[in-house]
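**Student:**
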Amino acid sequence: LKLVDSHDEL
Amino acid sequence: MNIFRFAGDMTHLISILVLLLKIYATKSCSGISLKTQELYAIVFVARYLDLFTDFISVYNTVMKLVFIGCSLAIVWCMRLHRVVRRTYNKDVDTFRHYFLVLGCFLLALFVHEKFTFQEVLWAFSIYLEAVAILPQLVLLQRSGNVDNLTVQYVFFLGAYRAFYILNWIYRYLTEPHFGRWIASVAGLVQTALYADFFYYYFISWKNNAKLQLPA
């Protein structure tokens with residue numbers, strides 16, 4: 001599972 | 011995570027719980043637009059495709075499952091529940107929402123962060139969410155007297171994106187390269203659509219009267 005912050009919002 | 015975003019997510023969750031409460035408690039979905047609920051189900055499925063591929067946090071994953079689960083459960087309830095479905099009045103829920111789906115998809119094909127399957131669908135879900143409330147607002151204006159839970163549902167649904175706008179301002183000010191323009195602009199449009207509802211909601215609250223939207 002790669003940790004991304006591209007779409008970290010719901 | 012900042013307080014504005016958390017407040018927004020909680021307000022969004024409350025709006026869904028209020029809707030579920032109304033349907034469950036009154037066994038009726040009168041005054042609720044099935045089309046808006048279908049649009050929200052599409053929004054969540056299209057946006058949370060990364061549910062099983064990207065892990066951001068337990069909170070993020072749990073909330074995504076709750077939003078997808080509740081929106082599908084509401085559509086199922088309004089379409090198939092033997093008691094509730096009879097209270098759905100499709101004669102007043104006549105907004106042609108498929109045009110919204112098509113328009114948002116075409117826009118997402120041209121305006122997106124990256125031209126990949128997931129990003130185009132993500133932009134599509136952002137645009138669709140901005141206009142998903144239209145069938146519900148049209149239905150509210152058509153059916154004059156609306157029950158309180160439905161009004162509260164629409165109010166919380168509008169308030170959640172307003173909190174998100176504060177969240178984007180906060181993140182823009184505190185994070186160096188924060189540029190979430192697609193979501194911010196769409197979020198502004200989304201909240202603006204509620205402007206007149208919020209105005210009449212405030213008036214009715216001030217006069218302690220029932221909400222009356224001008225036809």
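In the order they appear, the protein sequences are chains A and B. Counting from 1, one number per residue, gives the positions in the first sequence under the numbering used here. Counting from 11, one number per residue, gives the positions in the second sequence under the numbering used here. Using N, Cα and C, we set each Cβ at its ideal position, and we do this for glycine too.
Quick one: is residue 158 (chain B) near chain A, going by C-beta distance under 9 Å?
**Tutor:** No, residue 158 (chain B) lies away from the interface with chain A (no Cβ there is under 9 Å from its Cβ).
**Student:** Would you call the segment 33-51 of chain B in contact with the segment 196-214 of chain B, where contact means no fewer than 3 C-beta pairs closer than 8 Å?
**Tutor:** Taking 8 Å as the limit for Cβ pairs, the verdict is that the segment 196-214 of chain B does not touch the segment 33-51 of chain B.
**Student:** Inspect the CB distances between the segment 72-82 of chain B and the segment 122-138 of chain B and report whether three or more fall short of 8 Å.
**Tutor:** no
**Student:** Based on Cα-Cα distance, which residue from B:221, B:171, B:164 and B:139 lies nearest to residue 55 (chain B)?
**Tutor:** Comparing alpha-carbon positions, the option among B:221, B:171, B:164 and B:139 lying closest to residue 55 (chain B) turns out to be B:139.
**Student:** Do residue 36 (chain B) and residue 150 (chain B) have their beta-carbon atoms positioned less than 9 Å apart in this structure?
**Tutor:** no
**Student:** Considering only their Cβ atoms, is the gap separating residue 221 (chain B) from residue 156 (chain B) smaller than 9 Å?
**Tutor:** yes
**Student:** Work out the CA separation of residue 29 (chain B) and residue 163 (chain B) for me, nearest whole Å.
**Tutor:** Taking the straight line from one Cα to the other gives about 6 Å.
**Student:** In three-state DSSP terms, what is residue 223 (chain B)?
**Tutor:** Coil.
**Student:** Are there three or more Cβ pairs, one per stretch, closer than 8 Å when the segment 168-183 of chain B is compared with the segment 124-131 of chain B?
**Tutor:** no
**Student:** What residues in the segment 13-24 of chain B have a beta carbon less than 7 Å from any beta carbon of chain A?
**Tutor:** 15 and 19
**Student:** Output the boundary residues of the alpha helix (DSSP H) element that contains residue 32 (chain B).
**Tutor:** 13-36
**Student:** Can you give me the C-alpha to C-alpha distance between residue 11 (chain B) and residue 21 (chain B), rounded to a whole angstrom?
**Tutor:** Distance between the alpha carbons of residue 11 (chain B) and residue 21 (chain B) is about 15 Å.
**Student:** Suppose only complete runs of 4+ residues qualify. What are the alpha helix (DSSP H) ranges in the segment 71-129 of chain B, listed by chain order?
**Tutor:** 107-120
**Student:** Should residue 25 (chain B) and residue 53 (chain B) be called a contact, given that it needs their Cβ atoms to be closer than 9 Å?
**Tutor:** no
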